[in-house]
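Protein chains in written order, with full-length UniProt numbering: chain B, 1 to 332; chain R, 1 to 264.
As structure tokens, this is what we get:
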């Protein structure tokens with residue numbers, strides 16, 4: 001199988017200033033600065049096949065953006081190797097740039113003061129696109145991303161949703177083989193998010209793009225990605241499909257009980273209390289032996305229950321649980 | 001690609017086109033202040049030797065070196081490098097198949113062309129009617145002046161870019177800006193022509209690249225340097241360009257290796 005991305009034992013450490021506390025700490029830090037090493041990515045290895053769409057997940061500070069920046073050639077790994085279509089990105093930054101498209105949800109590649117068209121014209125020259133190739137891609141993207149209406153409008157006058165569509169089009173105008181998306185739906189409303197997801201799905205299937213997506217919105221991952229990689233503390237803790245992740249988490253279910261009157265802490269055998277509100281309590285059922293009937297038997301003597309439900313964990317809850325535990329906890 | 005970036009940069013300036021009125025007024029006020037100081041000096045005959053230029057030549061020197069050729073906001077470049085390092089936007093520039101310093105040069109050429117065409121030239125025109133202003137005597141000096149002007153701006157950009165790139169390590173733009181702001185008027189001969197500086201500062205200033213930014217272009221314009229010497233100086237300017245390009249390439253190479261993106 002051909003790999004679009006191969007990451008092999010990659011580690012990235014930063015040296016950051018360690019400011020000392022106390023009244024004279026600032027003076028010591030000034031005269032004799034102290035630095036400490038921070039590991040953002042630790043001995044990480046994975047492969048992404050050509051045409052795959054991979055969600056790269058992790059809590060804040062897990063090293064996601066660092067990894068994306070190493071894969072795009074912006075950052076240099078401290079050790080280990082990264083290859084994009086056989087090339088090390090930081091050593092072949094300019095050649096690599098021809099084959100990748102990048103969208104950072106929190107940064108813009110468009111010229112803020114100028115009409116959208118100007119940034120595209122510049123990219124046409126920058127990426128040495130022929131007139132035919134440029135016109136074909138432009139027409140396709142204008143139609144798919146519906147940006148015709150604001151094509152000649154200044155970027156600063158666009159809504160966030162319009163700007164993000166323009167960013168996506170700009171990242172795709174040179175027909176990249178790999179598309180990196182770093183939180184592309186951040187700040188967008190529900191409709192705009194759905195539009196971006198739909199477009200990405202369409203482009204991915206039509207162009208056989210390899211997509212690497214980081215997002216805190218798991219709906220993005222569910223709708224766009226066929227596979228997920230979860231990292232925490234710079235280390236890989238899961239690689240596979242969302243279904244595999246759910247299967248590996250075991251038979252965890254959630255019990256939610258709503259009370260008519262304020263109720264204190266209530267223990268139920270075979271469950272763990274995870275949210276203790278006066279009117280609504282959440283329990284995690286980790287044991288396969290704890291059946292719904294078993295729970296019902298325990299609840300029948302409590303008189304102020306309005307409602308209760310037992311359900312499978314959502315993918316958000318599973319991922320949250322993985323983040324919290326720092327690893328996949330397999331339950332029997 | 002270079003010309004495209006120059007054009008876009010020019011268009012960005014046009015988006016804020018009403019800046020030009022305040023720009024012209026501030027340039028005229030600054031030039032008048034410099035000329036007034038020298039008018040007072042010439043009236044008292046202090047410092048003025050037989051070798052010194054006439055007052056009209058001095059006025060022309062002040063306008064050419066202070067208002068025309070150095071009409072570029074180098075602070076904007078240093079601040080933008082500093083800002084893009086601190087915010088992490090520098091990463092966007094690293095994603096394109098173009099070297100960041102070349103991109104910056106193209107962008108600043110666009111800014112400079114706007115600033116000269118829309119602000120400096122009208123200001124010079126107004127000042128030339130107001131004060132005794134000399135035009136080049138010979139066509140050859142006029143042509144040489146254009147060559148010096150181009151080399152001078154390139155050196156000016158390269159020095160500012162070199163200082164700006166230091167912000168990647170120092171993480172502060174203000175100190176670097178202040179240093180350059182202090183050095184420029186003296187070493188480029190904008191406020192005090194280099195022949196009035198005490199030795200060995202005068203000799204040092206003649207060798208340092210700052211002289212090519214303001215002093216030599218205005219002296220060539222006035223025809224105060226012999227043609228033979230002027231050609232040697234032009235070669236000297238080109239050598240400075242080469243040397244500065246080497247330093248910037250070295251710094252940029254190191255910067256891309258060490259670069260740490262701030263802000264996730």
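We put the CB at the ideal spot given by N, CA and C, even for glycine.
For residue i, which three-state DSSP category applies?
i: residue 260 of chain B; result: coil
i: residue 280 of chain B; result: strand
i: residue 5 of chain B; result: strand
i: residue 14 of chain B; result: strand
i: residue 16 of chain R; result: coil
i: residue 48 of chain B; result: strand
i: residue 71 of chain R; result: coil
i: residue 99 of chain R; result: coil
i: residue 82 of chain R; result: helix
i: residue 57 of chain B; result: strand
i: residue 52 of chain R; result: coil
i: residue 264 of chain R; result: Low local confidence applies: a pLDDT of 46 at residue 264 of chain R is under 50, so the model's placement there is unreliable, and no value is given.
i: residue 159 of chain R; result: helix
i: residue 329 of chain B; result: At residue 329 of chain B, the pLDDT of 45 sits below 50, so the modelled position is not reliable; the number obtained from the coordinates is stated separately. If DSSP states are grouped into helix, strand and coil, residue 329 of chain B belongs with coil.
i: residue 171 of chain B; result: helix
i: residue 314 of chain B; result: coil
i: residue 147 of chain B; result: coil
i: residue 291 of chain B; result: coil
i: residue 309 of chain B; result: strand
Give me the Cβ distance between residue i and residue j, rounded to the nearest whole Å; I'm assuming they're in contact under 8 Å.
i: residue 191 of chain R; j: residue 206 of chain R; result: Residue 191 of chain R to residue 206 of chain R, Cβ: 16 Å. No contact.
i: residue 107 of chain R; j: residue 249 of chain R; result: With 8 Å as the limit, residue 107 of chain R and residue 249 of chain R do not qualify as a contact, their Cβ atoms being about 18 Å apart.
i: residue 298 of chain B; j: residue 252 of chain B; result: That belief does not hold up - the Cβ atoms of residue 298 of chain B and residue 252 of chain B are roughly 19 Å apart, past 8 Å.
i: residue 125 of chain B; j: residue 4 of chain R; result: 5 Å
i: residue 71 of chain R; j: residue 119 of chain R; result: 6 Å
i: residue 163 of chain R; j: residue 176 of chain R; result: 5 Å
i: residue 218 of chain R; j: residue 132 of chain R; result: Going by Cβ atoms, the distance from residue 218 of chain R to residue 132 of chain R rounds to 15 Å, so no, they are not a contact pair.
i: residue 120 of chain B; j: residue 170 of chain B; result: 6 Å
Under 9 Å between beta-carbons, which chain B residues line up against residue i? List them in chain order, please.
i: residue 12 of chain R; result: 111, 112, 113 and 114
i: residue 1 of chain R; result: 122, 125, 126 and 128
Relative to the C-alpha of residue i, which residue among the options is closest?
i: residue 88 of chain B; options: B:300, B:215, B:108 and B:69; result: B:69
i: residue 187 of chain R; options: R:158, R:203, R:170 and R:175; result: R:203
i: residue 241 of chain B; options: B:283, B:52, B:19 and B:18; result: B:52
i: residue 127 of chain R; options: R:181, R:67 and R:103; result: R:67
i: residue 204 of chain B; options: B:172, B:272, B:187 and B:264; result: B:172
i: residue 224 of chain B; options: B:230, B:156, B:214 and B:131; result: B:214
i: residue 52 of chain R; options: R:236, R:224, R:238 and R:256; result: R:224
i: residue 181 of chain R; options: R:36, R:74 and R:89; result: R:74
i: residue 13 of chain B; options: B:34, B:43 and B:191; result: B:43
i: residue 212 of chain R; options: R:199, R:231 and R:89; result: R:231
i: residue 271 of chain B; options: B:128, B:256, B:263 and B:262; result: B:256
i: residue 21 of chain B; options: B:15, B:33 and B:11; result: B:33
i: residue 221 of chain R; options: R:14, R:36 and R:141; result: R:141
i: residue 228 of chain B; options: B:259, B:46 and B:274; result: B:46
i: residue 274 of chain B; options: B:290, B:321, B:248 and B:302; result: B:321
i: residue 335 of chain B; options: B:98, B:305 and B:288; result: The structure shown has nothing for residue 335 of chain B, since chain B only spans 1 to 332.
i: residue 127 of chain B; options: R:95, R:117 and R:146; result: R:95
i: residue 9 of chain B; options: B:81, B:302, B:222 and B:258; result: B:81
i: residue 114 of chain B; options: B:94, B:83 and B:163; result: B:163
i: residue 282 of chain B; options: B:291, B:266 and B:136; result: B:266
i: residue 28 of chain R; options: R:112, R:63 and R:256; result: R:63
Which residues of chain R have a Cβ atom closer than 8 Å to the Cβ of residue i, listed in chain order?
i: residue 97 of chain B; result: 95, 96 and 97
i: residue 118 of chain B; result: 8 and 11
Kindly list, in the order they appear in chain B, the residues whose Cβ is closer than 8 Å to that of residue i.
i: residue 5 of chain R; result: 122
i: residue 36 of chain R; result: Neighbours of residue 36 of chain R on chain B: none; closest Cβ ~37 Å, over 8 Å.
Quick one: is residue i near chain A, going by C-beta distance under 8 Å?
i: residue 15 of chain R; result: The question asks about chain A, but that chain is absent: this structure's protein chains are B and R.
So which residues on chain R does residue i lean against when the C-beta distance must stay under 9 Å?
i: residue 87 of chain B; result: In chain order: nothing, as chain R lies at least about 13 Å away.
i: residue 311 of chain B; result: Those within 9 Å of residue 311 of chain B in chain R number zero; the least Cβ separation is about 34 Å.
i: residue 165 of chain B; result: Ordered by position in chain R, no residue passes the 9 Å Cβ test against residue 165 of chain B, which lies about 18 Å from the chain.
i: residue 35 of chain B; result: Neighbours of residue 35 of chain B on chain R: none; closest Cβ ~12 Å, over 9 Å.
What does residue i touch in chain R if you count any residue whose Cβ is under 7 Å from its own?
i: residue 177 of chain B; result: Result: empty, since nearest Cβ-Cβ is about 15 Å, beyond 7 Å.
i: residue 102 of chain B; result: 95
i: residue 94 of chain B; result: 97
i: residue 253 of chain B; result: Going along chain R, no residue has its Cβ under 7 Å from residue 253 of chain B, so there is no contact; the nearest lies around 35 Å.
i: residue 324 of chain B; result: Those do not exist, as residue 324 of chain B stays about 21 Å from chain R at its closest Cβ, beyond 7 Å.
i: residue 136 of chain B; result: The contacting residues do not exist; residue 136 of chain B stays about 20 Å from chain R at best.
Practice item. Write down every uninterrupted run of the alpha helix (DSSP H) in the region 61-139 of chain B whose length is 4 residues or greater and which is fully enclosed by it, in chain order. Key: 64-71, 93-97 and 116-126
Check your understanding: Could you give the uninterrupted runs of the beta strand (DSSP E) lying entirely in the region 182-258 of chain B, keeping only those of 3 residues or more?
Key -> 210-214, 227-232 and 235-240
Exercise for review: Any chance you could list the alpha helix (DSSP H) runs of at least 4 consecutive residues sitting entirely within the region 171-210 of chain R, in chain order?
Suggested key: When DSSP assignments are scanned along the region 171-210 of chain R, the uninterrupted stretches of alpha helix (DSSP H) that are 4 or more residues long and fall wholly within it turn out to be 174-187 and 201-207.
**Study point:** Contiguous alpha helix (DSSP H) assignments of at least 4 residues, all confined to the region 87-155 of chain R
**Key:** Segments of the alpha helix (DSSP H) lying fully in the region 87-155 of chain R: 90-94, 100-114 and 121-130.
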